[in-house]
Structure formats: structure tokens, C-alpha cells
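Trainee: As they're listed, the protein sequences go chains A and B.
Here the first sequence stands for residues 153 to 406, where the numbers follow the numbering used here.
Here the second sequence stands for residues 153 to 406, where the numbers follow the numbering used here.
Glycine included, C-beta positions come from ideal geometry on N, C-alpha and C.
This structure is a prediction, so every number in the text was calculated from the model and none was measured.
Protein chains: 2
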Amino acid sequence: MISIVILGTGNVAKHLYDAFSATNQVKILQVVGRSKEKLAVYSKLSEVSMDYGNIKEADVYLIAVSDDAVNEVSQKLADKKGLVVHTSGSCSLDDLSPIQRKGVFYPLQSFTKNKKVDFKEIPICVEAAQKDDEIVLKQLAHLISEKVFNISSEQRKTIHLAAVFVNNFTNHLYQIGSEICDENKIPFELLHPLIKETANKISVLNPHEAQTGPARRGDKITINNHLRLLENKTHKEIYSLLSNSIKKDYEQKL
Amino acid sequence: MISIVILGTGNVAKHLYDAFSATNQVKILQVVGRSKEKLAVYSKLSEVSMDYGNIKEADVYLIAVSDDAVNEVSQKLADKKGLVVHTSGSCSLDDLSPIQRKGVFYPLQSFTKNKKVDFKEIPICVEAAQKDDEIVLKQLAHLISEKVFNISSEQRKTIHLAAVFVNNFTNHLYQIGSEICDENKIPFELLHPLIKETANKISVLNPHEAQTGPARRGDKITINNHLRLLENKTHKEIYSLLSNSIKKDYEQKL
Ligand SMILES: NC(=O)c1ccc[n+]([C@@H]2O[C@H](COP(=O)([O-])OP(=O)(O)OC[C@H]3O[C@@H](n4cnc5c(N)ncnc54)[C@H](OP(=O)(O)O)[C@@H]3O)[C@@H](O)[C@H]2O)c1
Ligand SMILES: NC(=O)c1ccc[n+]([C@@H]2O[C@H](COP(=O)([O-])OP(=O)(O)OC[C@H]3O[C@@H](n4cnc5c(N)ncnc54)[C@H](OP(=O)(O)O)[C@@H]3O)[C@@H](O)[C@H]2O)c1
Chain A
153 MISIVILGTG
163 NVAKHLYDAF
173 SATNQVKILQ
183 VVGRSKEKLA
193 VYSKLSEVSM
203 DYGNIKEADV
213 YLIAVSDDAV
223 NEVSQKLADK
233 KGLVVHTSGS
243 CSLDDLSPIQ
253 RKGVFYPLQS
263 FTKNKKVDFK
273 EIPICVEAAQ
283 KDDEIVLKQL
293 AHLISEKVFN
303 ISSEQRKTIH
313 LAAVFVNNFT
323 NHLYQIGSEI
333 CDENKIPFEL
343 LHPLIKETAN
353 KISVLNPHEA
363 QTGPARRGDK
373 ITINNHLRLL
383 ENKTHKEIYS
393 LLSNSIKKDY
403 EQKL
Chain B
153 MISIVILGTG
163 NVAKHLYDAF
173 SATNQVKILQ
183 VVGRSKEKLA
193 VYSKLSEVSM
203 DYGNIKEADV
213 YLIAVSDDAV
223 NEVSQKLADK
233 KGLVVHTSGS
243 CSLDDLSPIQ
253 RKGVFYPLQS
263 FTKNKKVDFK
273 EIPICVEAAQ
283 KDDEIVLKQL
293 AHLISEKVFN
303 ISSEQRKTIH
313 LAAVFVNNFT
323 NHLYQIGSEI
333 CDENKIPFEL
343 LHPLIKETAN
353 KISVLNPHEA
363 QTGPARRGDK
373 ITINNHLRLL
383 ENKTHKEIYS
393 LLSNSIKKDY
403 EQKL
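1. Thinking C-alpha only, which one of 332/A, 403/A, 331/A is nearest residue 360/A?
2. Hey, how far is the Cα of residue 324/A from the Cα of residue 228/B?
3. Applying the 10 Å Cβ sphere with the 16-neighbour rule, what's the burial state of residue 251/B?
4. Can you tell me the Cα-Cα spacing of residue 341/A and residue 378/A, whole angstroms?
5. Does any residue of chain B bring its CB to less than 8 Å from the CB of residue 239/A?
6. If you count every other CB in all the chains shown that lies within 10 Å of the CB of residue 225/B, and 16 or more means buried, which is it?
7. Which term fits residue 176/A, buried or exposed, when burial requires 16 or more other beta carbons within 10 angstroms of its beta carbon?
8. With a threshold of 16 other CB atoms inside 10 Å of the CB of residue 230/B, please say whether the residue is buried or exposed.
9. Quick one: Cα of residue 413/A to Cα of residue 271/A, how far?
10. Do we get a CB-CB distance below 8 Å when we pair residue 255/A with the residues of chain B?
11. With the cut-off set at 8 Å, would you say residue 408/A and residue 336/A are in Cβ contact?
12. Please confirm whether residue 169/B and residue 183/B have their CB atoms less than 8 Å apart.
13. Give, in chain order, every unbroken run of the beta strand (DSSP E) that is at least 3 residues long and sits entirely within the region 220 to 259 of chain A.
14. Whose Cβ in chain B lies nearer than 7 Å to the Cβ of residue 294/A?
15. Please state if the CB of residue 253/A and the CB of residue 277/A are separated by a distance shorter than 8 Å.
16. Can the beta-carbon of residue 338/A be found less than 8 Å from the beta-carbon of residue 311/B?
17. State yes or no: is the C-beta of residue 238/A nearer than 7 Å to some heavy atom of ligand 1?
18. Say yes only if the C-beta of residue 161/A is nearer than 7 Å to one or more non-hydrogen atoms of ligand 1, and no if none qualify.
19. Name, in chain order, the residues that DSSP records as bridge partners for residue 182/A.
20. Could you tell me which residues DSSP pairs with residue 212/B in its beta bridges?
21. Establish whether the CB of residue 315/B and some CB of chain A are separated by less than 8 Å.
22. Verify the contact flag: residue 258/B, CB atom, against every heavy atom of ligand 3, threshold strictly below 7 Å.
23. What does DSSP give as the partner residues of residue 276/A in its beta bridges?
24. Taking a contact to mean a Cβ-Cβ separation below 8 Å, would you say residue 393/B touches residue 390/A in this structure?
25. For a cutoff of 8 Å on Cβ pairs, would you count residue 342/A as touching chain B?
26. Since residue 281/A contacts residue 255/A with CB under 8 Å, what's their CB separation in whole angstroms?
27. What residue from 328/A, 180/A, 315/A has the CA that sits closest to residue 330/B's CA?
28. In or out: residue 306/B buried (at least 16 other Cβ within 10 Å) or exposed?
29. Report back the beta-carbon spacing between residue 172/B and residue 178/B to the nearest angstrom; my notes put them in contact at under 8 Å.
30. Might you give, ordered along the chain, the residues of its own chain that have their beta carbon closer than 7 Å to the beta carbon of residue 216/A, omitting 5 neighbours on each side?
31. Using a Cβ cut-off of 8 Å, which residues of the region 159 to 185 of chain A contact any Cβ in chain B, in chain order?
32. For residue 356/B, which three-state DSSP category applies?
33. Under 8 Å Cβ to Cβ from residue 186/A, same chain only, skipping five residues before and after it: list those, please.
34. On the CB-based measure, 16 or more other CB atoms within 10 Å of its CB, does residue 334/A come out buried or exposed?
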């Protein structure tokens, strides 16, 4: 049985709380947060506290607060014997500066409030300053996920960068698609199946093979028609830049 | 019972053939194509022909050939009494110029060879020169899909443009993500669950609400770190342009 304390009451705190609660090998000793309302969700099944000066002794402390508060919260744990980890893709191990036994427990997923996820499929990237602690984190991660990876702070930076492209920027393309639909009174829902299939395709084809469309074919007529149709200047620029980037990828391979 | 002839033996022809074969209200009279090998797949259950001068009489002709061959193939059907439709998102009704009873039967999805799709969920956009024919196409579409829409050639152009953003360009962002991973010896598979969840989120949040990341937060430090990490000049440009576009969207709302 591994005992843990969760610090933070946001999205990631809640998803990890639920995932660990569903195993019977973790005892969640306490949830520590700033907001009484948010703590109420946890108070039925766990001890809760708003006092960062009164944190229980545990095997592992999970700091699941906003990136820029990770260091501040870690200060409150400086005298703890347990292993202190944050859950951030962009913070490094050093952001837990005052801590001796420190690590990272980063679930590589984009969580949404009230939207359940299947934790078994979520890659968990772990890192620890000490070898023994890495083993503890891997054990902990394996209780909720089948996909556990040792990832250094350096590698995590790269993953976070790639995630910005495939998650944040992709979502922005959905946003542009939805604006184009709105302007022309077409329900954006028409594109939902296409969006989902585009994402699901990565299981059977790598993106290089899966690429289709006018830029891939070098179809200048369609590209020019599209540029004429686009009214928003930024959307035009994005269309040109991405089309040229696709063209370049395939010209190189000829 | 509606009788149809399918012209073409590519991706869309095969998926439509399978979908219609699974209903018992359509009789596929003939599949017409240029390649003996490709026709072989159909010859067990249907008549096949390589002779475009010897096409059977049917209620509906589905032209599922490459966009730039749609007009050429339609010429061979000029004397038919049946309704002639193409399956293209980018061709207009007028590309079937020699035909009187003409229409469009456009399944709004990205098909992959050998990858099954659930046709029930695929929006089918229909259009016809004559009202009666539109009714026939809607009946036909409803046999395989629950989502059937009247979409004009003008609207279809817009949908195709939006689809380039959410499908072709999104796939290119996956490609960039996979290159960033490769360069740093990180398996791209790590990002698969994130990619799928990003797409699935559109069912519960619109893209404007779902947007996250450094540009959304106005986190200049992370943006500059990322630009420094990126070595590829085009990737840097794409990162800047999309980040600025996101920033602008949220500044406007302040
Ligand atoms: N969201 C994701 O999809 C995701 C995925 C993987 C990793 N992560 C990482 O997980 C961590 C938490 O993210 P999240 O999405 O759960 O954030 P969130 O939903 O915005 O929640 C942030 C939490 O941090 C608390 N907090 C903020 N500033 C604080 C401070 N100065 N002192 C104490 N508590 C503070 C907030 O408390 P109040 O409610 O009182 O403001 C809230 O409980 C971050 O490091 C993030 O990078 C997020
Ligand atoms: N792929 C998609 O996801 C998708 C989705 C919706 C709509 N569409 C539309 O559906 C149509 C077919 O696309 P597809 O993806 O099925 O294409 P595809 O897999 O590339 O197949 C193209 C077919 O067209 C035939 N063809 C090409 N030029 C021809 C010519 N001059 N005369 C006779 N046949 C010719 C090809 O014959 P050979 O095999 O002998 O070359 C092949 O059977 C296009 O209008 C496309 O825009 C495609």
C-alpha cells in the first residue's frame, strides 16, 4: 500500500484522485487545496485541508497545481521525508528546488473537467532524482496505466513542444474550420466525423503516408481557389504557410 | 429497390460498394473500371466491366473516380436515362456538363484503404439539378447513413475548404510532431492518446472553449523556449504564426 497526499484541486488533481481511488493499492491520506468549495468534492472519502502548514506524512506527495505555483507549493514540503513529485509537462525536476527526494509524474494527456478518460491508455512519464524513487514512481504509475516511460526533463521539453503542435495548434485549426463554417451557415458538426477519423488514422498510417489534399497533390488551381475564398488575412497566411510546408515535404521525396 | 452502377474502383468506390451491399434495398448492377486486378474484388458478387461503352441501364450512376476524371467519365453516360452523380467534395454540379439528370453524393469523410468506417455516422451531402432527383439521392443516402444534408455546390466549396484545415493541415501538424519526436528519439506513439483526445473533445467543448497552451495563456517564456528548441525554419514560422493567431483570438475577447 502506497500512501499519498495530493496538493491542488484542479483538473489533474481530480483525474488522478479518481484513478488512484479506483485501485486498492493506494491510500489517499489527504487532499490539500486553497478552495473550500473545490475540496468539498473530496471530503466524503478523504481528509481535506486548506492549511499548507499542516500536511500529513506520506510516501508520495503529488503536486498538481498550476505550473507557476509548483515551486511555491514545493517549499511547504521541504521538511518531508516522502517523495515529492509534480505533474507538469513543462516544469523541470529543478523546479522542486528545496526538495531532496524529488520527481515528476506527468500524465501525457489533455484533461477536461467532467470528461472521463481511460487512464490505462494514458502514457505516464516518470523521472526521479534518485534511482529508488524512480522505481516507486513506476510502481505507482503502473497501478493506473499500462504505458509508463522513463523520461528525462530534457526529453519532456521536447514532448511538450510536440504536444503544442498536435494538441494546441490542431485545436486552433478546428477553431478556424468552425469559423469558416459559421461564416457560411454550415453546422460545424458536419466536420466532426472527419476530425475524429483524421486522428484515429494515426493508428494505421503514419502522418507522412496519411497526408492528402491539394498541397500534397500540388493542385495549384484548388489552392488558389481556396485562397480567394478565405477572407480572414491570418487564415490566408496559415493556409499558404502550411500548404507550402506540405509541398516541400513531398518534393524532397521525389 | 434502387439499381446502381458504380464507376471507379478506388477508395470511395470500394467503401460505397461495401456500404450499399450491406443493405438489401440496393441492387449493384455493375462496377465499371480501368483495371482488371481492381475489378476482381467485385467480380464475385457483381458484374464488372472494363468497357465504358457498355454500361448497363440503372436508376443511379455513381461516378467515384479522381476529380479530374469526373467530367471525362460523365461523357460516357450522356445518353443514359438514370441519374448521374459524382462523389467529390471539390467538383461542382456543372462538372457533369453533358448530363441532364445530374447530382452529387458526397460522403464527408477521409477514407483509407482497408480501414472500415461506420457509414451510419458519415454525413452525406447531396445535391441534384432536379427536385425529384434530390429526393432519390436522399433516400439512397439514408440507406447507409443517419446524417444526410442538402448542400449546394457553393456550400460544398466552403466545406471542402474547412476540411483542408481540420484534416489535411491537422495531419501535417501530426507530421511535424512526429519529426520533433524522431529528432529526439522519442516514440511518436507517446502522443497518440493526446491526438485522439484532442479530436474527441469537440463532442463536449467547442474549439474556442477547448483551447489551451502557452499562446492561449500568453506565456511568453514558454513560447520563446519553444522557438529556441525548434531547429527547422519552417516549423519555427508555423509555431509563430499559429501562436500569434491564437493570441489574437483571445485578446479580442478581453
Ligand atoms: N490540464 C491538463 O490537461 C494537464 C495535463 C498534464 C499535466 N498537467 C499539469 O498538471 C498541473 C495542474 O494542472 P491542471 O490542469 O490541473 O490545472 P487547473 O485545473 O487550472 O488547477 C490548478 C490548481 O492549482 C491551484 N493553484 C494555483 N496557484 C496556486 C498557488 N499559488 N498555491 C496553491 N495552489 C495553487 C489551483 O487552486 P485554486 O483552484 O484555488 O485556484 C488549482 O487547484 C500543471 O502543472 C499542469 O501543467 C495538466
Ligand atoms: N478519398 C477520400 O477520402 C474521398 C472522400 C470523399 C470523396 N472523395 C471523392 O471521391 C472520388 C474518388 O476518390 P478516391 O479517393 O476513391 O480516389 P482513388 O482511390 O484514387 O481512385 C480513383 C479512381 O478513379 C479512376 N480513374 C482515374 N482517372 C480515370 C480516368 N481518366 N478514367 C476512368 N477512371 C479513372 C481510378 O482508376 P485506376 O485505378 O485505373 O487508376 C480509380 O478507380 C473523388 O472525386 C474524390 O474527390 C474522396
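Mentor: Reading it off the structure:
1. In the first sequence, the residue the question calls residue 360/A occupies position 208. With distances taken between Cα atoms, residue 360/A lies closest to 403/A.
2. As a working mapping, residue 324/A is identified with position 172 in the first sequence. As a working mapping, residue 228/B is identified with position 76 in the second sequence. If I take the Cα positions, the gap works out to 44 Å.
3. In the second sequence, counting from the first residue as 1, residue 251/B sits at position 99. Classification of residue 251/B: buried, given that the 10 Å Cβ count is 16 or more.
4. By one-based count along the first sequence, residue 341/A stands at place 189. By one-based count along the first sequence, residue 378/A stands at place 226. So the alpha carbons of these two residues sit roughly 21 Å apart.
5. As a working note, residue 239/A is residue 87 in the first sequence. So no, residue 239/A is outside the interface.
6. Start at 1 with the first residue of the second sequence, and residue 225/B comes out as number 73. Flag for residue 225/B reads buried.
7. Here residue 176/A corresponds to residue number 24 of the first sequence, with the count starting at 1. Residue 176/A should be labelled exposed.
8. In the second sequence, residue 230/B corresponds to position 78, counting from 1. By the neighbour-count rule (16 or more Cβ atoms within 10 Å), residue 230/B is not buried but exposed.
9. Past the edges of chain A, shown from 153 to 406, lies residue 413/A, and the structure says nothing about it.
10. In the first sequence, the residue the question calls residue 255/A occupies position 103. False, the Cβ-Cβ gap to chain B never drops below 8 Å.
11. Not covered by the structure: residue 408/A. The range shown for chain A is 153 to 406.
12. Walking along the second sequence from the start, residue 169/B turns up at place 17. Walking along the second sequence from the start, residue 183/B turns up at place 31. Yes. Within cutoff.
13. 235 to 238, 254 to 259
14. Taking the first sequence and counting its residues from 1, the one referred to as residue 294/A is at position 142. In chain order: nothing, as chain B lies at least about 16 Å away.
15. For this step, residue 277/A is matched to residue 125 along the first sequence. For this step, residue 253/A is matched to residue 101 along the first sequence. Cβ distance not < 8 Å, so residue 277/A and residue 253/A don't count as in contact.
16. Position 186 of the first sequence, counted from the first residue, corresponds to residue 338/A. Position 159 of the second sequence, counted from the first residue, corresponds to residue 311/B. Contact flag set, yes.
17. For the purposes of this step, residue 238/A is taken as the residue at position 86 of the first sequence. Correct: residue 238/A has its Cβ closer than 7 Å to ligand 1.
18. On the first sequence, position 9 is the one that residue 161/A refers to. Checking the Cβ of residue 161/A against ligand 1 gives yes.
19. Along the first sequence, read from residue 1 onward, the residue named residue 182/A stands at position 30. DSSP output for residue 182/A lists 157/A, 199/A as bridge partner(s).
20. Within the second sequence, numbered from 1, the residue matching residue 212/B stands at position 60. BP columns for residue 212/B point to 156/B, 235/B.
21. Residue numbering aside, residue 315/B sits at position 163 when the second sequence is read from its first letter. With 8 Å as the cut-off, residue 315/B counts as an interface residue toward chain A.
22. Of the ligands this structure carries, namely ligand 1 and ligand 2, none is ligand 3.
23. Here residue 276/A refers to the residue found at position 124 of the first sequence. Per DSSP, 259/A, 300/A.
24. Residue numbering aside, residue 393/B sits at position 241 when the second sequence is read from its first letter. Residue numbering aside, residue 390/A sits at position 238 when the first sequence is read from its first letter. Against a cut-off of 8 Å, the Cβ pair of residue 390/A and residue 393/B comes out as a contact.
25. Start at 1 with the first residue of the first sequence, and residue 342/A comes out as number 190. So, interface residue.
26. Taking the first residue of the first sequence as position 1, residue 281/A is located at position 129. Taking the first residue of the first sequence as position 1, residue 255/A is located at position 103. With 8 Å as the limit, residue 281/A and residue 255/A qualify as a contact, their Cβ atoms being about 7 Å apart.
27. For the purposes of this step, residue 330/B is taken as the residue at position 178 of the second sequence. Minimum Cα distance to residue 330/B is reached at 315/A.
28. Here residue 306/B refers to the residue found at position 154 when the second sequence is read from its first residue. So residue 306/B ends up on the exposed side.
29. Here residue 172/B refers to the residue found at position 20 when the second sequence is read from its first residue. Here residue 178/B refers to the residue found at position 26 when the second sequence is read from its first residue. Right, the Cβ-Cβ distance comes to about 4 Å (below 8 Å), so this counts as a contact.
30. Locating residue 216/A in the first sequence gives position 64, counting from the first residue. If we look at residue 216/A and ignore the five residues flanking it on each side, its Cβ neighbours are 158, 159, 160, 162, 164, 165, 168, 239.
31. none
32. The count along the second sequence starts at 1 and reaches residue 356/B at position 204. Residue 356/B: coil per DSSP, three-state reduction.
33. Residue 186/A sits at position 34 when you count from the first residue of the first sequence. Once the five neighbours on either side are set aside, the close Cβ partners of residue 186/A are 161, 202.
34. Position 182 of the first sequence, counted from the start, is the residue given in the question as residue 334/A. Label assigned to residue 334/A: exposed.
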